[in-house]
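K.L.:
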Amino acid sequence: MQGAPIVASDVDDEPVQEIVEPDPNVDLVRGPPLAPARQLSLRVDGARPMQLRGEAICSASWRQVVSNSDGHIGDIATCLRLFLVADGSIVAHVASKPTEGLPALPVYQAAQVLDVEDLSSLLDRTTGDACFVAMPPAARTKSFVMSAPILEKSGLNLPLGPTKTQEKAQ
Amino acid sequence: MSYPMNATDPAQMTPAPDAAPTMAPSSFRLSRPGKRPLTFHGSELAMAMSYTPELPYWYELNIYRTAEQKFVLALKLFFGSTDETDRSKAWEFDTLPEVFDTLESYDAADDVRIDCTAMEHLSAAELAARAYELGARVAAQRAHFGSIVGELFKELEAAGQPIN
Numbered sequence: 459m460q461g462a463p464i465v466a467s468d469v470d471d472e473p474v475q476e477i478v479e480p481d482p483n484v485d486l487v488r489g490p491p492l493a494p495a496r497q498l499s500l501r502v503d504g505a506r507p508m509q510l511r512g513e514a515i516c517s518a519s520w521r522q523v524v525s526n527s528d529g530h531i532g533d534i535a536t537c538l539r540l541f542l543v544a545d546g547s548i549v550a551h552v553a554s555k556p557t558e559g560l561p562a563l564p565v566y567q568a569a570q571v572l573d574v575e576d577l578s579s580l581l582d583r584t585t586g587d588a589c590f591v592a593m594p595p596a597a598r599t600k601s602f603v604m605s606a607p608i609l610e611k612s613g614l615n616l617p618l619g620p621t622k623t624q625e626k627a628q
Numbered sequence: 102m103s104y105p106m107n108a109t110d111p112a113q114m115t116p117a118p119d120a121a122p123t124m125a126p127s128s129f130r131l132s133r134p135g136k137r138p139l140t141f142h143g144s145e146l147a148m149a150m151s152y153t154p155e156l157p158y159w160y161e162l163n164i165y166r167t168a169e170q171k172f173v174l175a176l177k178l179f180f181g182s183t184d185e186t187d188r189s190k191a192w193e194f195d196t197l198p199e200v201f202d203t204l205e206s207y208d209a210a211d212d213v214r215i216d217c218t219a220m221e222h223l224s225a226a227e228l229a230a231r232a233y234e235l236g237a238r239v240a241a242q243r244a245h246f247g248s249i250v251g252e253l254f255k256e257l258e259a260a261g262q263p264i265n
């Protein structure tokens with residue numbers, strides 16, 4: 459497993475559709491948005507695409523080399539994007555795509571992020587061996603270890619405030 | 102029992118989705134477990150398939166518009182192994198949102214088969230292991246189905262079909 463940097467377009471050229479238009483409902487009291495808000499549609503497994511009006515504020519992409527006891531070796535390319543929604547909330551979207559030839563399927567999830575722990579939870583569900591969840595257990599590897607602190611690997615420094623744990627400590 | 106749509110080569114199973122909007126209406130006959138086959142005259146609106154050579158099974162989803170302006174959702178589960186029997190389900194709806202709601206609420210755990218033979222001879226530990234394996238299979242089935250449903254919605258949206 460390793461974290462070689464890759465460009466977002468390698469991973470995620472389809473989950474987000476953008477319709478560029480000014481947003482008449484932007485709250486001007488909070489000041490202008492980072493850019494004109496756009497109508498976004500995020501692909502989500504098992505559900506209709508998540509619709510929101512906002513802007514991408516940052517993204518990170520990485521690739522993990524995975525292997526299993528059956529001899530399957532390949533990459534899982536992941537793209538994480540954070541969106542600032544017009545109502546001020548933050549939504550994270552994760553797209554993880556396995557390279558061809560792996561017994562795996564892509565994973566797409568999106569969720570509102572209120573706390574850094576919410577983001578960690580989303581990443582735990584969507585990266586690395588999450589793509590192998592679609593593999594029936596009889597044929598799935600038992601030797602995957604993919605619980606490293608991906609957030610640190612991604613190099614993101616998110617202005618999301620203290621974590622729930624930190625709040626309790628205070 | 103084997104359904105007539107048994108096939109191992111996905112290229113032979115369904116017309117390409119690109120051709121669907123311009124396809125001339127055709128007659129369809131879809132198998133349904135415990136019911137008469139669903140027959141109708143119409144055209145295919147959309148199709149998605151989760152075929153991956155390395156996976157032992159895959160789903161195929163089809164949405165049709167009938168000549169009566171109703172909508173049919175067909176769900177097929179194919180197995181690479183000849184020891185398994187392919188499965189087919191189909192529903193008819195008045196509107197497309199009902200089709201989408203059914204896709205979102207469908208629980209793929211129903212497609213997991215349980216081997217209950219010789220369960221009475223298993224120890225508590227073996228039963229626990231069976232339960233753990235069953236839970237993993239259910240999670241796999243749901244994740245697999247969720248992946249193809251997300252793909253189908255996204256492609257419908259890209260084609261200009263209002264979804265939400």
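From first to last, the protein sequence lines stand for chains S and X. Per this note's numbering, the first sequence starts with residue 459, numbered consecutively. Per this note's numbering, the second sequence starts with residue 102, numbered consecutively. Glycine included, C-beta positions come from ideal geometry on N, C-alpha and C.
(1) Pull up the DSSP beta-bridge partners for I534 (chain S), would you.
(2) Say whether chain X places a C-beta atom closer than 8 Å to the C-beta of V512 (chain S).
(3) Please tell me whether D545 (chain S) has its Cβ less than 8 Å away from any Cβ of chain X.
(4) Evaluate V523 (chain S) with the Cβ neighbour count: other Cβ atoms within 10 Å of its Cβ, from every protein chain shown; 16 or more gives buried, anything less gives exposed.
(5) Mind checking the segment 149-180 of chain X against chain S and listing, in chain order, the residues whose C-beta falls within less than 9 Å of any C-beta there?
(6) Tell me whether S128 (chain X) counts as near the ligand ATP, meaning its Cβ is closer than 7 Å to at least one heavy atom of that ligand.
(7) How is I164 (chain X) classed by DSSP in three states: helix, strand or coil?
(8) With DSSP as the reference, label T203 (chain X) as helix, strand or coil.
(9) Alpha helix (DSSP H) containing E256 (chain X): first to last residue?
(10) Quick one: measure Cβ to Cβ for L563 (chain S) and S182 (chain X), integer angstroms, because I've assumed they're closer than 8 Å.
(11) With burial defined as no fewer than 16 other Cβ atoms inside 10 Å of the residue's Cβ, what is the status of C217 (chain X): buried or exposed?
(12) In the DSSP assignment, find the unbroken alpha helix (DSSP H) run with S579 (chain S) in it and report its ends.
(13) DSSP has K177 (chain X) in a bridge; who is on the other side?
(14) Using beta-carbon positions only, say whether L204 (chain X) and V250 (chain X) come within less than 8 Å of one another.
(15) Closer than 8 Å, Cβ to any Cβ of chain S: which residues of the segment 250-264 of chain X, in chain order?
(16) May I have the straight-line CA-CA distance separating I215 (chain X) from L235 (chain X), to the nearest angstrom?
(17) Taking the beta strand (DSSP E) that F141 (chain X) falls in, what are its first and last residues?
(18) For a quick check, are the C-beta atoms of F246 (chain X) and A209 (chain X) less than 8 Å apart?
(19) Could you tell me the distance, in whole angstroms, from the CA atom of E169 (chain X) to the CA atom of P157 (chain X)?
(20) Answer yes or no: does any C-beta atom of chain S fall closer than 8 Å to that of H245 (chain X)?
(21) As a quick exercise: from X:E221, X:N163, X:F254, pick the residue whose alpha carbon is nearest that of S144 (chain X).
(22) What residues of chain X sit near L538 (chain S), judged by a beta carbon separation below 8 Å?
(23) Taking F201 (chain X) as the query, report the chain S residues whose CB atoms sit under 9 Å from its CB, ordered along the chain.
(24) Can you tell me which of S:L498, S:E575, S:Q570 puts its alpha carbon nearest to the alpha carbon of Q509 (chain S)?
(25) Is there a Cβ from chain X that is less than 8 Å from the Cβ of S499 (chain S)?
(26) For a contact meaning CB atoms closer than 8 Å, what does Q509 (chain S) contact in chain X?
(27) For L500 (chain S), report the span of its beta strand (DSSP E) as first-last.
P.N.:
Here's the rundown:
(1) S:Q522, S:P556
(2) It is Gly, not Val, that sits at residue 512 (chain S) in the sequence shown. No, because no Cβ of chain X sits closer than 8 Å to the Cβ of G512 (chain S).
(3) no
(4) Exposed: under 16 other Cβ atoms inside 10 Å.
(5) S151, T153, P154, E155, L156, P157, Y158
(6) This structure simply doesn't include the ligand ATP, nor any ligand for that matter.
(7) Annotated three-state conformation of I164 (chain X) is strand, per DSSP.
(8) helix
(9) 225-259
(10) No, L563 (chain S) and S182 (chain X) are not in contact; Cβ-Cβ is about 19 Å, not under 8 Å.
(11) exposed
(12) 574-584
(13) X:E161, X:S189
(14) yes
(15) For the segment 250-264 of chain X, the residues whose beta carbon sits under 8 Å from a beta carbon of chain S are, in order, V250, G251, E252, F254, K255, E258, A259, I264.
(16) When rounded, the distance between both Cα atoms is 8 Å.
(17) 139-150
(18) yes
(19) 37 Å
(20) Yes, H245 (chain X) lies at the interface with chain S (some Cβ there is under 8 Å from its Cβ).
(21) X:N163
(22) Neighbours of L538 (chain S) on chain X: none; closest Cβ ~17 Å, over 8 Å.
(23) R506
(24) S:L498
(25) yes
(26) Chain X residues near Q509 (chain S): N265.
(27) 496-500
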